[in-house]
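Structure record follows, encoded as structure tokens.
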Amino acid sequence: MQQKEEVLVAKQNDIKKYETEIQQKVGAKREELYKPVLDKVKAEIEKLGKEGGYTMIFDSSAGMILHAAETENLMPVLKAKLGVN
């Protein structure tokens, strides 16, 4: 009985180890795939800020804007520059 329990515990540990390895691989792959997109977006935001003479650009989806005129919404311009609908 104790031997079966030890085998079961060992298998559970193997499964946990495998799960951790897979999660790390998924995280690394996600970062690999997102990085080029995020780099392109960041570069366009920096370019847009320089072209428009903006001191700061806030992400409204993160709730970081205290006040902004609707005419100052740069998302449509950024989407157009990135070719996103």
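In my numbering, the protein residues as written are 60 to 144.
All residues carry an ideal CB built from backbone N, CA and C; glycine is no exception.
Identity of the residue in the options nearest residue i by Cα
| i | options | result |
| --- | --- | --- |
| serine 119 | Glu91, Glu105 and Met134 | Met134 |
| alanine 139 | Glu103, Thr114, Ala121 and Gly122 | Glu103 |
Closer than 7 Å: residue i CB and nearest the ligand SAM heavy atom
| i | result |
| --- | --- |
| valine 68 | The model on display carries no ligand, and the ligand SAM is accordingly not part of it. |
Report task. For the segment 97 to 141, list the alpha helix (DSSP H) runs that are entirely contained and at least 4 residues long, ordered along the chain. Result -> Entirely contained in the segment 97 to 141, the alpha helix (DSSP H) runs reaching 4 residues are, in chain order, 134 to 141.
Query - Validate contact between the segment 92 to 112 and the segment 61 to 75 using beta carbons, cut 8 Å, 3 pairs - result: no
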